[in-house]
Structures are given as C-alpha cells and as structure tokens.
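Number of protein chains: 2
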Amino acid sequence: MASAAAKSSLKKTTPAPPAPRGASLNQTIRNDIEHKIMSGEWPPGFRLPVEHDLMAHYGCSRMTVNKALGALSAQGLIIRRRRAGSVVAAPSADRAVLQIVDFAAEAQRSGKLYRHDMMERRMEEIDAATARRTGLKPGTRVLYAATRHVVDGVIEAYEERIVNLAAVPQARRESFADMPIGTWLLQRVPWSDAEHIIGAINADARLARRLGVERHAACLMLERRTWQNTVFLTEARLYYPGTGHRLVGRFSPTGNAAFGLAGGTENGRS
Amino acid sequence: MASAAAKSSLKKTTPAPPAPRGASLNQTIRNDIEHKIMSGEWPPGFRLPVEHDLMAHYGCSRMTVNKALGALSAQGLIIRRRRAGSVVAAPSADRAVLQIVDFAAEAQRSGKLYRHDMMERRMEEIDAATARRTGLKPGTRVLYAATRHVVDGVIEAYEERIVNLAAVPQARRESFADMPIGTWLLQRVPWSDAEHIIGAINADARLARRLGVERHAACLMLERRTWQNTVFLTEARLYYPGTGHRLVGRFSPTGNAAFGLAGGTENGRS
DNA sequence: CCCAGATTTTTGTCTATACATAATTGCAAG
DNA sequence: CTTGCAATTATGTATAGACAAAAATCTGGG
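Those protein sequences? They're chains A and B, same order as listed.
At the far end of the first sequence sits residue 270, using this note's numbering, and the numbering has no gaps.
At the far end of the second sequence sits residue 1270, using this note's numbering, and the numbering has no gaps.
Written out as structure tokens, the structure reads:
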C-alpha cells in the first residue's frame, strides 16, 4: 500500500540529520525532508509521504505539515499536485547566481578606498539599435555616462550607462559626485525586471586606455538592462579586466547564496 | 496615530493593481502589497499596516494575512520583526541569476541537432593547485575529460572537467556516449554547494584550435565547482567564444527567472 | 477493449482561537 | 536624566475543523 511504503520511508536510514536547536516544528520537518532530498535518499521523482502520514509521524496538525511542504515547494525542491501528492523535483537546471558587485559597499566593508571617476556625462538621443534593445522610441533623450570604478588605486571596472530621463527625471540635475549612478538608482527606483548578457571581448584602443589593460586583452563584459514593469529604466555595460579580478558566486540549490569578489590572478578560493 | 496612518495607506492611490482572477485571497493580498512596493508607493523602510489592520481591510482571518506576509518575507521583499512590525526591505543587492546552459536540452527544445565530442578521457592524479581548489588531497585519482559541445554544426563550448571518483565511482566505467558528463552527473548526484568563477581569457593555441576561434580571441570562461556537503564532486571549466553566443538571463527581484541562450553576433533581444 | 461518469484521495485555502516570544514603550525609582 | 522593570503590542507558531478543487482510480455500459 502506498501509505505503508511512504510511512516506512520516514524511518531514519541515514545517520540522522543533526537536530537544529530552537527551531520550530515546521522548520524541523522542512529540514528533515530537505536533508533526505539533498542526501539522495529521496531521489528526484520520489513520492513523499502524504500530509496525513507526516502529520501522524510528527504528531502535529496538518497545517504545520502543510506549511513545511509549502515552503519546500516554494523553494522548488518538491512539486505538489492535488491528489497526485508531492514528489521530489528534478534537479534544478544548472544555474548560477552572480552578484553584480557594488564596489563602494564592498570596498567599505573591507576597509579599502573606493573612488569613481566620471569620464563622460551628457544628454543624448538614442540610436536605432539602442531603441531596439531597450524598447524606447528612437531619438528618446537619455543621460549617458561613462564611469571608472577604482578600488585602492586599482581600476576594477569601466562602466557605460544610459538612463531613461522620462522614468528618472531627477537624474538630469544629479552630479553623482558622492555615489556612482548604479548605487544612486538602486536607492531610488525599484525595478521589476532585469536582463543580463555576459560576454567576452578583446579590448579596443579606447577601452584598453580607460581600463588600463593592453590592447586586444580579453575583457569580461556584463550588460544589464532594467525595467520598472514595462518602462525602461537603465542600461549598464560593465567591463572588467579578464585577468586579475573575477566575478564569483557561491550558492546552494536551496536558495541561499554568499558572494564576494575574487582577487588576485590565482584561482584559489579566497 | 500609527495605526490610522497605516490604514489610510491602504487606500488605492495608484490606478489599482490589475485584479488577478482566480487567485486565492492570500495571493491577492500578496500581489497588492508587492505592487505597492514595486511601484515605489511604499518605499524601502516604509512600515506596512499591522496584520490586524490588513485583516480588517480584507475582511479575513489573521492566518490569511500572515501567510501572505510570510511569503513576502521569504521573498526578501519585506522584513518582519516581532513587535516592531513589518517594513519594506532595502532594494536587494544587484544580483543576476545566470543559467548554465544544458546544451542537449536546449537544442532538443528548439529542434536543433546536438552533438558532443569527447576529445580526451583519462584517469589522473591531481596536482597541488587542483587539490587546493577542490579540498581533495594531492594525488587523489580523478576522471579527467575534455569535451566539445556542438549545436547544428557550430561549436558552442569547450569543456574541461574533473570528477572525483571517490564520490562518483560509477563514472569510471561510463563512456558518456549518450550524454555529456554534466547532464549525466546532474541526473545522478545531488549537490549542496556550488562555486562559480567567471572570467575572460585570450585563447591560447590549443583552446583556439578546439574552440574554432582565432588565437588571442577573447573567450568567456566559466569555472564551476560542486560539492555534496563537504565532499567534492566535480570541477568544470567551460569556454565559450566571446562573440556570437552569450550567457543571458532575465529575472525579477521577486525570484522568478526565465532564461535562454542569446544567439547571433548582435545585441538585440531574441 | 475503450470511454464516460461517479468516487475517493490528496492538496489548497480559510476560519477562529490560543499561547509564546520579541521588542518597544511607558512608568517609576534613583 | 538615566536605569530598570512592567505593560503592551505585533508577530510566530500551532491546533482543530471545514469546505473546495484537482486528478487519479474505479465502475459500468457500450
């Protein structure tokens, strides 16, 4: 019988998940199940015990079990369907979470000196290609700015950005002396959608000069466009030297992530 | 009074969020609040109405409001503290979610022809540098493989990978004829931690040959190491031509994401 | 054997209530 | 004006019960 099979699967066959102290009951249930999934004891496709069995096993009400399973479902670890029950989800497609470093914050946190040089700043009308990328009408007036991010005297990145003045009119009179545009925008305007493209390019003469690398050196390019619902807000293009510093992310499939900026030319974990 | 102020803030001052049909009550509450936050009407730091007021406003029980707010809290949109109430969270740090493309799946989905060439495959003992990166002891035996991913005759990526045979002994006798190693591993072994490093490098002679690009061409490099709890599983280094295809991701701060592989040499949204 | 409709199982949502716990606020003593 | 304790308030967690909705399963007719 399905119920019997499910119930037996609750017996601890693995060493026993280290009991988290001070956790609520629904958290405990969640942890137990997460452990069974992550250890491989309950593989993808495995049908978990029904709520009623878990409820009997933990001696609690259905709402408590429901909350635990609901959270796991929201995390994407399991898939729940009425009448069909809950099954362990197929391993998430290989994806990485990657922090776009806020240089100012990062530098302050590690006691380093941050500086940004605004090398260009002007109002301009967008061309056809930009219009296509952003969804704006050709000729729309935007703020264009080119900035260099410098931490402890080292050029970390070169940034080219356009800002939709219709969406963020305050940007017109702002000098961005205290704060790089990205940080300024983030504190002011909420966004609902972002699109990223990552690529590598050989530095042309201008980029090489501004980023302080050799001509033709491989550079990492990160392009980021942001919308507030359907209204385009900003497009940023960040260029990083390909060697030296790199974008890095550490994360787990359960949704928690920790980040940093890897330093040096070596590959070692910092 | 705080309560009165909070209650008045519930009056719809913005056009009114488009009523989602068929949604549950807690979903409706969640959407309403999310809309108020995303539109900027409730800025970061804004103290939201207390559960009791929301409960009165929507004419429902506290548990329903609680579920909605709990979900928003889990999403990171609000921060809740006992007695202190709930406030709108500071905008999330700028981060991107980026899919590591599963070429086989992607190709099949779009009706293209996928092929992978295994160019090298051998058992070897790791050197000191690799040991440091992975946490294994120097001299540990691993499977080394170099593979090329080809979609519709175009070389999309070149992959170098090592697999810890102690953690995945089945890999020793597997030929990987049907399936690239990454896919094979993903289907078999759950992982709990992953670390990514993204960089750009100029192709050396061998990489240029295998990736079919010119020497010194900028290439995108993605390095990914995976652990199962503390046990190292695998390290993959993926090289993509810098021009042409790129890694891309589209996502929203509320946690939903959609992905694809951008094609062509142009920048336009596909 | 196949199909349609009735049945049953399992999750989804909600209510009303209760007690626990964290943190602010207010009050009173020093 | 500060310090410490008490009261208050808002959230956190849990219970028990109820009905709804989706979907697998069973059943009978053709």
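Note that the Cβ used here is the ideal one computed from N, Cα and C, for glycine as well.
In this text, all values refer to a predicted model and were calculated from it rather than measured experimentally.
Item	Value
Own chain partners of A1068 (chain B) with C-beta closer than 6 Å, once the 5 adjacent residues on each side are dropped	N1026, I1029, R1030
Supposed contact pair R141 (chain A) and E120 (chain A) - C-beta distance, whole angstroms, cut 8 Å	Rounded, the Cβ-Cβ distance is 16 Å, inconsistent with contact.
Closer than 9 Å to chain B by CB, C60 (chain A)	no
Any non-hydrogen atom of the ligand ADP within 8 Å of P1169 (chain B) CB	Within the structure as shown, the ligand ADP is missing, as the structure has no ligands at all.
Exposed unless 16 or more other CB atoms sit within 10 angstroms - verdict on T1230 (chain B)	exposed
Cβ neighbours of L1238 (chain B) in the same chain (closer than 6 Å, five flanking residues each side left out)	A1157, E1159, L1222
Beta-carbon proximity list for D1193 (chain B), same chain, < 6 Å, skipping 5 on both sides	W1227
Endpoints, the alpha helix (DSSP H) within which V1065 (chain B) is located	1062-1075
Neighbour flag for G1268 (chain B) against chain A, beta carbons, 9 Å	Only weak support is given to the placement of G1268 (chain B): the predicted model assigns it a pLDDT of 31, under 50, and the value that follows is read from those uncertain coordinates. Yes, because at least one Cβ of chain A sits closer than 9 Å to the Cβ of G1268 (chain B).
Boundaries (first-last residue) of the beta strand (DSSP E) holding A236 (chain A)	231-241
Bounding residues of the beta strand (DSSP E) (the contiguous stretch that carries E195 (chain A))	193-202
Other residues of its chain near M118 (chain A): CB distance less than 7 Å, five sequence neighbours each side excluded	A145, T147, F176
Segment limits, beta strand (DSSP E) that includes A157 (chain A)	154-164
Exposure label - D1102 (chain B); buried when at least 16 CB within 10 Å	buried
Beta-carbon separation (whole angstroms), Y1114 (chain B) vs V1088 (chain B), contact threshold 8 Å	The Cβ separation is near 45 Å, so there is no contact.
Neighbour flag for I78 (chain A) against chain B, beta carbons, 9 Å	no
Near-chain A residues of the segment 1169-1194 of chain B (beta-carbon distance less than 8 Å), N- to C-terminal order	G1182, L1186, Q1187, V1189, P1190, W1191, S1192, D1193, A1194
Closer than 9 Å to chain A by CB, S1039 (chain B)	yes
Buried or exposed by the 16-neighbour rule on C-beta atoms within 10 Å, applied to P169 (chain A)	exposed
Under 9 Å by beta carbon: chain B residues contacting I201 (chain A)	A1200, A1218, G1242, T1243
8 Å contact criterion, which A167 (chain A) and A1218 (chain B) should meet: CB distance rounded	With a Cβ gap of about 33 Å, A167 (chain A) and A1218 (chain B) do not count as contacting.
Within-9 Å CB hit, P1044 (chain B) to chain A	yes
Simplified DSSP assignment, three categories, for M55 (chain A)	helix
Neighbour flag for N1031 (chain B) against chain A, beta carbons, 9 Å	no
Proximal residues of chain B, C-beta to C-beta of P138 (chain A) below 8 Å	Those do not exist, as P138 (chain A) stays about 14 Å from chain B at its closest Cβ, beyond 8 Å.
Buried or exposed by the 16-neighbour rule on C-beta atoms within 10 Å, applied to R1083 (chain B)	exposed
Proximity test, Cβ basis, 9 Å: Q1027 (chain B) and chain A	no
DSSP beta-bridge partners of W184 (chain A)	None, per the DSSP bridge assignment.
CB contact below 9 Å: M55 (chain A) versus chain B	no
A275 (chain A) at chain B interface by Cβ criterion, 9 Å	Any answer about residue 275 (chain A) is impossible in this case: the structure gives chain A only from 1 up to 270.
Segment limits, alpha helix (DSSP H) that includes Q108 (chain A)	103-109
Within chain B, partners of A89 (chain A) - CB distance below 8 Å	Here the premise fails: no neighbours, minimum Cβ distance about 11 Å.
Coil, strand or helix - T147 (chain A) by DSSP	strand
Interface partners of A74 (chain A) on chain B, CB under 8 Å	A1071, A1074
Buried versus exposed, by CB contacts within 10 Å (16 or more), H1149 (chain B)	buried
Short Cβ contact (9 Å threshold) for R1122 (chain B) with L1143 (chain B)	yes
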